[in-house]
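Working notes, structure below.
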Ligand code: HEM
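Spelled out as structure tokens, the structure:
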């Protein structure tokens, strides 16, 4: 009889501490990387609480317990990002920080392959601008529908 392939989630691979390490490394990278200075400036000076929020979000999104939902009552990321102008440039800076953080914590190739594309897709969901122009309404454009 063929052996059944066991599916491991990113949370199974990283474990609770590994997810926390990744979230922490992510914001450390953002804090250090000159290429991420633009998105770093959108965040508070102290990154401790946002590290905890990202860890909670990733725990749940990676297949672990629903801890983000328990705090926020939702898993929607659109609302918390709505005040910030996030276009392709900001998305790519965010992804660079995440891919660098994965390297920094010594993530396996298996894990990197698993999360690379989903991270791109979720960053695309958070994107709310076509480019990085300031978020201002053009009074000459009348919304239809
Ligand atoms: C695409 C580029 C992104 C930018 C520029 C960005 C930027 C930000 C900023 C400025 C905040 C608020 C920080 C604060 O309150 O000090 C935030 C919050 C947050 N971001 Fe992002 N973000 C991006 C993508 C993502 C992605 C892809 C994820 C998840 C995989 C994510 C997860 C979070 C979480 C969990 C919070 C906390 C939200 C809350 O208050 O519950 N972000 N982000």
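In the numbering used here, the protein residues as written are 6 to 150.
C-beta atoms are modelled at their ideal positions from N, C-alpha and C, and glycine is treated no differently.
Only a predicted model underlies this, so the values are computations on that prediction, with no experimental measurement involved.
- Residue environment: residue 76 is assigned as exposed (fewer than 16 neighbouring CB atoms within 10 Å of its CB, all protein chains considered).
- In the same chain as residue 132, and ignoring 5 residues on each side of it, the C-beta atoms closer than 6 angstroms to its own belong to 91 and 96, in chain order.
- Not one heavy atom of the ligand HEM sits closer than 7 angstroms to the Cβ of residue 121.
- Per the coordinates, the alpha-carbon of residue 106 lies some 32 angstroms from the alpha-carbon of residue 9.
- Residue 111 sits exposed, since fewer than 16 C-beta atoms from the chains shown fall within 10 Å of its C-beta.
- In the structure shown, the three-state DSSP call for residue 12 is coil.
- Taking C-beta separations shorter than 8 angstroms and ignoring five residues to either side along the sequence, the partners of residue 68 in its chain run 14, 15, 16 and 17, following chain order.
- The Cβ atoms of residue 109 and residue 41 do not sit closer than 8 angstroms to each other.
- Comparing alpha carbon positions, the residue from 134, 113, 135 and 104 closest to residue 123 is 104.
- A straight line joining the alpha-carbon of residue 128 with that of residue 100 spans about 8 angstroms.
- If you draw a straight line from the Cα of residue 93 to the Cα of residue 11, it comes to about 36 angstroms.
- DSSP places residue 132 outside both helix and strand once states are collapsed to three, so it counts as coil.
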